[in-house]
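Trainee: Here it is, the structure in full.
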Amino acid sequence: MRARLLWGASFAAIIGGLSAHGAQAQTLNALGAAIKQSIAARPATTPSAASIANAAAMLKASANALRYQTQVNLAINTNLAAQAQAAAQAAASALNQSAGIADGLTMGCVPGASACGLTPAVSAAALASADPTGLATWQGAQMPTLANPSNPNQVTVVQTDPRALLSWTSFNVGQNTTLTFQQQVKGVNQPSWIVLNRVVGGTAPSTILGKINAPGTVLVLNQNGILFGAGAQVNVGSLVASTLEIGHAVEGATNNTPITLSQRNAEFLEFGLLGYAEQNTNTSGADLSTFSTTATYDPSTNADSFAPVTAPLTVAEGASLTSANGGYLMLLGPNISDAGEMTSPSGEVALQSADHVTLTASQGNANSVDPDVRGLVVTGQTLAPSPTPVKDSVQIASTGIIQVPLGYVSVGASSTGSVTDAGVISSTTSVSENGYVNIFGGAVNLASGTATTPGAVIAIEPDSSSPTIPQDPTSLAAFKPSRVRIGEYALGSTSGAAPATTGSLIDIGAYSLIYAPSANISIGADPGPTTVVSSTPTPTSSVLVESGAVIDAAGLPDVEVPASRNTLKIDPVKGNELADAPAFRNGFLNGATVYLDPRLSGVTADGVAWVGSPLISAAAYAEQVGVSVSELMLKGGNVT
Numbered sequence: 073m074r075a076r077l078l079w080g081a082s083f084a085a086i087i088g089g090l091s092a093h094g095a096q097a098q099t100l101n102a103l104g105a106a107i108k109q110s111i112a113a114r115p116a117t118t119p120s121a122a123s124i125a126n127a128a129a130m131l132k133a134s135a136n137a138l139r140y141q142t143q144v145n146l147a148i149n150t151n152l153a154a155q156a157q158a159a160a161q162a163a164a165s166a167l168n169q170s171a172g173i174a175d176g177l178t179m180g181c182v183p184g185a186s187a188c189g190l191t192p193a194v195s196a197a198a199l200a201s202a203d204p205t206g207l208a209t210w211q212g213a214q215m216p217t218l219a220n221p222s223n224p225n226q227v228t229v230v231q232t233d234p235r236a237l238l239s240w241t242s243f244n245v246g247q248n249t250t251l252t253f254q255q256q257v258k259g260v261n262q263p264s265w266i267v268l269n270r271v272v273g274g275t276a277p278s279t280i281l282g283k284i285n286a287p288g289t290v291l292v293l294n295q296n297g298i299l300f301g302a303g304a305q306v307n308v309g310s311l312v313a314s315t316l317e318i319g320h321a322v323e324g325a326t327n328n329t330p331i332t333l334s335q336r337n338a339e340f341l342e343f344g345l346l347g348y349a350e351q352n353t354n355t356s357g358a359d360l361s362t363f364s365t366t367a368t369y370d371p372s373t374n375a376d377s378f379a380p381v382t383a384p385l386t387v388a389e390g391a392s393l394t395s396a397n398g399g400y401l402m403l404l405g406p407n408i409s410d411a412g413e414m415t416s417p418s419g420e421v422a423l424q425s426a427d428h429v430t431l432t433a434s435q436g437n438a439n440s441v442d443p444d445v446r447g448l449v450v451t452g453q454t455l456a457p458s459p460t461p462v463k464d465s466v467q468i469a470s471t472g473i474i475q476v477p478l479g480y481v482s483v484g485a486s487s488t489g490s491v492t493d494a495g496v497i498s499s500t501t502s503v504s505e506n507g508y509v510n511i512f513g514g515a516v517n518l519a520s521g522t523a524t525t526p527g528a529v530i531a532i533e534p535d536s537s538s539p540t541i542p543q544d545p546t547s548l549a550a551f552k553p554s555r556v557r558i559g560e561y562a563l564g565s566t567s568g569a570a571p572a573t574t575g576s577l578i579d580i581g582a583y584s585l586i587y588a589p590s591a592n593i594s595i596g597a598d599p600g601p602t603t604v605v606s607s608t609p610t611p612t613s614s615v616l617v618e619s620g621a622v623i624d625a626a627g628l629p630d631v632e633v634p635a636s637r638n639t640l641k642i643d644p645v646k647g648n649e650l651a652d653a654p655a656f657r658n659g660f661l662n663g664a665t666v667y668l669d670p671r672l673s674g675v676t677a678d679g680v681a682w683v684g685s686p687l688i689s690a691a692a693y694a695e696q697v698g699v700s701v702s703e704l705m706l707k708g709g710n711v712t
């Protein structure tokens, strides 16, 4: 019966799409006979117990997928609603007064003596080369001005060089303030430009309650702490907020001389954010940190000690941080908490607790430091106070939401630190860009929930965009599935050495949810980790998955495919398409327009595989039919 159906389908598909060639020598009867002879007979089948069980399993998989998708959407919408409510409440409150800060520019303001807003540490531009202290540099930008004299809360800093370094005694952005970094050349935005804002000479944290806008990268450094309060709106190309200093802490692997602030400034202005480490990749054992705490040399021991940094780096509920497409948002420091909203489309969000942090560029190819990362691999370690480091931490509150469609989320702590995630982390995967969530540290805890409300939620779903890729082997092999890694602390290249890992205590809380269809999910130790030799004891490794927790990498069920995919048009049929049917090369098929069904396939009696019809070589055409990411996610992933 199946052989008859195949014959009938091929016959009908070809004949239904033929152009008029009635004078050809071949008759329809001859064509039908040729088709019948070319197809091996196939036995009829009846439903088996296995097929019935498989159908039941598919129904269950559909129900599970629908339930998890509903839980993910509910968690996202709930947290977004909480963020909007907190921002609205902040807008109706006198936050400036309660925070003790002022709006706009407050030139000459003394922090602590009065409420300050944006206060430069200098009254005029000053080159880094003329500033031996490193505390009074204003290079690469004009002094701040008021965009509109009638509105003193609209503050603009015009950047004049690709890299700018600005010193502030107060970097508070009041509730009614909009700070704009104009990074342009002849009116054209420059996304590659970067401005470093450092708070010097005080003890107060920076509080951002208003708006910060920039097309390029904005760095905010304050060792006394940084708060993005409710109602804050940051819309920039990229953002780095850190309680650490820019650059590495000491010179070389054997030279223990601490780096001065002036040296850090010079290296940033010369090399940029990553340039120094990239110029010194072969310096084995050297400190190549991108951000670090300060060091002090003790000649009696011929060793350095590192100053502890305890000030918090906080994103409050109702704060919104957004990068440009392909940009990044980074919070770097030993004490990080996030209860707000962070969004980076096709980009990266990184929360890294440590006092030495390294950013390593990764192109996402096979030779990259991480083939699944298109952007920056973020790693770090905590060394202060030596020789017993403090325990650093990252905490994501239940209201926290991180959305990075088609991008990378990195939430990490050092080997002595911990990550607690009670919020929502969401990404997507397309045919060309994979989503990746990486959570690591000395201890990792995904918060528990209830039977009706999940705790921590990690989701990587198919992207809603509609691109497709061909079905040829090369294109399919290039597709990268989603990835979720919850594992050990990764040292990376902070010391110029190869990546290494240590043990980790991992707790997947009750009713937490990890939903990543067709993804590669790994929890625990990476295969073949390099052992780290450290003065601090390596924590015992363990993985606890509590009752009710869900870790789902099953393939997508119920994927809809357009009916047009079932028709393959070849116009016209030529000699190449009739290579396996020599009897018809000079007949009415030659030059005709035909429509085939690519779902039909088989092997002729001569052992030749065919698609659509045994008379026409259509496999290459079928391979060019686009396949969506949802179809690529039909197959189940891996959980290890």
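Start counting the sequence shown at 73; every next residue gets the next number (this note's numbering).
Just so you know, even glycine gets a beta-carbon here, dropped at the ideal spot from N, CA and C.
Here the structure is a predicted model, which means the values were calculated and not measured.
#1: Are residue 274 and residue 183 close, meaning C-beta to C-beta below 9 Å?
#2: Between residue 675 and the rest of its own chain, which residues show a CB-CB distance below 6 Å, the 5 nearest in sequence each way excluded?
#3: Can you give the Cα-Cα distance for residue 479 and residue 498, rounded to whole angstroms?
#4: Can you tell which of 279, 305, 276, 269 has the C-alpha that lies nearest to the C-alpha of residue 285?
#5: Using the three-state DSSP reduction, which class does residue 706 fall into: helix, strand or coil?
#6: Along the beta strand (DSSP E) that carries residue 623, what are the first and last residues, could you check?
#7: Grouping DSSP H, G and I as helix and E and B as strand, with all else coil, what is residue 331?
#8: To the nearest angstrom, how far is it from the Cα of residue 461 to the Cα of residue 292?
#9: Between which two residues does the beta strand (DSSP E) carrying residue 176 extend?
#10: Applying the criterion that 16 or more other CB atoms from any shown protein chain within 10 Å of the CB defines a buried residue, is residue 124 buried or exposed?
#11: Quick check on the DSSP output: the beta strand (DSSP E) that includes residue 671 runs from which residue to which?
#12: Only counting the same chain, and skipping five residues up and downstream in sequence, which positions put a Cβ closer than 8 Å to that of residue 566?
#13: Tell me whether the beta-carbon of residue 441 lies closer than 9 Å to the beta-carbon of residue 420.
#14: Any beta-carbon of chain D closer than 9 Å to the one on residue 413?
#15: Mind reading off the beta-carbon distance from residue 485 to residue 464? Whole number of angstroms is fine, and I expect it under 8 Å.
#16: Select from 426, 659, 255, 643 the residue whose C-alpha is nearest the C-alpha of residue 288.
#17: Please report the Cβ distance between residue 193 and residue 172, rounded to the nearest whole angstrom; I am assuming they are in contact, meaning their Cβ atoms lie under 8 Å.
#18: Grab the span of the alpha helix (DSSP H) containing residue 154 for me, first residue to last.
#19: How far does the alpha helix (DSSP H) with residue 644 in it extend, from its first residue to its last?
#20: With the cut-off set at 9 Å, would you say residue 473 and residue 155 are in Cβ contact?
#21: Which of the three DSSP states, helix, strand or coil, is assigned to residue 433?
#22: Straight-line CA distance for residue 261 to residue 710?
#23: Going by C-alpha to C-alpha distance, which of 120, 137, 126, 128 sits closest to residue 628?
#24: Tell me whether the segment 138-150 and the segment 517-537 touch, counting them as touching only if at least three CB pairs, one residue from each stretch, are closer than 8 Å.
#25: Taking the C-alpha atoms as reference points, what is the distance between residue 596 and residue 365?
#26: Here's the rule: buried if 16 or more other CB atoms are within 10 angstroms of the residue's CB, otherwise exposed. What is residue 671?
#27: Restricting to runs no shorter than 3 residues, where is the beta strand (DSSP E) found entirely within the segment 180-247?
#28: Please name the residue in 469, 506, 121, 510 whose C-alpha comes closest to that of residue 386.
#29: Leaving out five residues before and five after residue 637 in sequence, what residues of the same chain have Cβ atoms less than 7 Å from its Cβ?
#30: Report the three-state DSSP secondary structure of residue 313 (helix, strand or coil).
#31: If we count the other Cβ atoms within 10 Å of its Cβ and call it buried at 16 or more, is residue 350 buried or exposed?
#32: Mind checking who residue 283 pairs with in its DSSP beta bridge?
#33: Count the other CB atoms, across all protein chains shown, that sit within 10 Å of the CB of residue 560; report buried if there are 16 or more and exposed otherwise.
#34: Would you check whether the ligand MN has a heavy atom nearer than 8 Å to the C-beta of residue 316?
#35: Under 8 Å: do the segment 304-322 and the segment 165-179 share three or more Cβ pairs, one atom per stretch?
#36: For the alpha helix (DSSP H) containing residue 546, name the first residue and the last one.
Mentor: Put simply:
#1: Here residue 274 is taken as the residue at index 202 of the sequence shown, counted from 1. Here residue 183 is taken as the residue at index 111 of the sequence shown, counted from 1. Closer than 9 Å, so yes.
#2: Position 603 of the sequence shown, counted from the first residue, corresponds to residue 675. Closer than 6 Å at the Cβ level, and outside the excluded window around residue 675, lie 681.
#3: Taking the first residue of the sequence shown as 1, we reach residue 479 at position 407. Taking the first residue of the sequence shown as 1, we reach residue 498 at position 426. If I take the Cα positions, the gap works out to 10 Å.
#4: By one-based count along the sequence shown, residue 285 stands at place 213. Checked all of 279, 305, 276, 269; the closest Cα to residue 285 is 305.
#5: In the sequence shown, counting from the first residue as 1, residue 706 sits at position 634. Here residue 706 sits in coil by DSSP.
#6: Within the sequence shown, numbered from 1, the residue matching residue 623 stands at position 551. Note, residue 623: beta strand (DSSP E), 622-624.
#7: Indexing the sequence shown from 1 puts residue 331 at position 259. The answer is coil: DSSP assigns residue 331 none of H, G, I, E or B.
#8: For the purposes of this step, residue 461 is taken as residue 389 along the sequence shown, with counting starting at 1. For the purposes of this step, residue 292 is taken as residue 220 along the sequence shown, with counting starting at 1. In this structure, the straight-line span from the alpha carbon of residue 461 to that of residue 292 is close to 25 Å.
#9: If you number the sequence shown from 1, residue 176 lands on position 104. 173-177 is the extent of the beta strand (DSSP E) around residue 176.
#10: Start at 1 with the first residue of the sequence shown, and residue 124 comes out as number 52. By the neighbour-count rule (16 or more Cβ atoms within 10 Å), residue 124 is not buried but exposed.
#11: Your numbering for residue 671 matches position 599 in the sequence shown. Judged by DSSP secondary structure, residue 671 falls outside any beta strand (DSSP E); it is assigned neither H nor E.
#12: Position 494 of the sequence shown holds residue 566. Here residue 566 scores only 38 on pLDDT, less than 50, and its place in the model should not be relied on; the value that follows carries that caveat. Non-local beta-carbon contacts of residue 566 in its own chain, meaning distances under 8 Å to residues more than five positions away in sequence, involve 359, 360, 361, 428, 429, 430, 451, 452, 453 in chain order.
#13: Your numbering for residue 441 matches position 369 in the sequence shown. Your numbering for residue 420 matches position 348 in the sequence shown. Not closer than 9 Å, so no.
#14: Going by chain labels, chain D is absent from the structure shown, which holds only one protein chain.
#15: Here the question's residue 485 lines up with position 413 in the sequence shown. Here the question's residue 464 lines up with position 392 in the sequence shown. The beta-carbon distance between residue 485 and residue 464, rounded to whole angstroms, is 6 Å. This is short enough to meet the 8 Å contact definition.
#16: Position 216 of the sequence shown, counting from 1, holds the residue named residue 288. It is 255.
#17: Indexing the sequence shown from 1 puts residue 193 at position 121. Indexing the sequence shown from 1 puts residue 172 at position 100. For a cut-off of 8 Å, the C-beta gap from residue 193 to residue 172 is around 20 Å, too long to register as a contact.
#18: For the purposes of this step, residue 154 is taken as residue 82 along the sequence shown, with counting starting at 1. 121-163 is the extent of the alpha helix (DSSP H) around residue 154.
#19: Residue mapping note: residue 644 aligns to position 572 of the sequence shown, counting from 1. No alpha helix (DSSP H) contains residue 644, which DSSP labels as neither H nor E.
#20: In the sequence shown, counting from the first residue as 1, residue 473 sits at position 401. In the sequence shown, counting from the first residue as 1, residue 155 sits at position 83. Here residue 473 is near residue 155, since their CB atoms are less than 9 Å apart.
#21: Locating residue 433 in the sequence shown gives position 361, where the first residue counts as 1. In the three-state scheme derived from DSSP, where H, G and I count as helix and E and B as strand, residue 433 is classed as strand.
#22: Translated into the one-based positions of the sequence shown, residue 261 becomes position 189. Translated into the one-based positions of the sequence shown, residue 710 becomes position 638. Roughly 43 Å between the two C-alpha positions.
#23: As a working note, residue 628 is residue 556 in the sequence shown. Looking at the Cα atoms, 137 is the closest of the given residues.
#24: The answer is yes - the segment 517-537 touches the segment 138-150, with three or more Cβ pairs under 8 Å.
#25: What you label residue 596 is simply residue 524 of the sequence shown in a count that begins at 1. What you label residue 365 is simply residue 293 of the sequence shown in a count that begins at 1. Distance from the CA of residue 596 to the CA of residue 365, rounded to the nearest whole angstrom, comes to 29 Å.
#26: Position 599 of the sequence shown, counting from 1, holds the residue named residue 671. So residue 671 counts as exposed.
#27: Here the runs fully enclosed are 188-192, 217-220, 223-230, 235-243.
#28: To locate residue 386, count along the sequence shown from 1; it is residue 314. Proximity to residue 386 across 469, 506, 121, 510 peaks at 469, based on C-alpha coordinates.
#29: Against the sequence shown, residue 637 aligns to sequence position 565. Excluding positions up to five away in sequence, the list reads 697.
#30: As a working note, residue 313 is residue 241 in the sequence shown. Looking at residue 313 - three-state DSSP - the assignment turns out to be strand.
#31: Counted from its first residue, the sequence shown places residue 350 at position 278. Looking at its Cβ environment, which holds fewer than 16 other Cβ atoms inside 10 Å, residue 350 is exposed.
#32: Against the sequence shown, residue 283 aligns to sequence position 211. Paired residues: 250, 305.
#33: Within the sequence shown, numbered from 1, the residue matching residue 560 stands at position 488. Classification of residue 560: buried, given that the 10 Å Cβ count is 16 or more.
#34: Of ligands this structure carries none, so the ligand MN is not represented either.
#35: Too few Cβ pairs lie closer than 8 Å, so no.
#36: For the purposes of this step, residue 546 is taken as residue 474 along the sequence shown, with counting starting at 1. Bounds of the alpha helix (DSSP H) holding residue 546 are 545-550.
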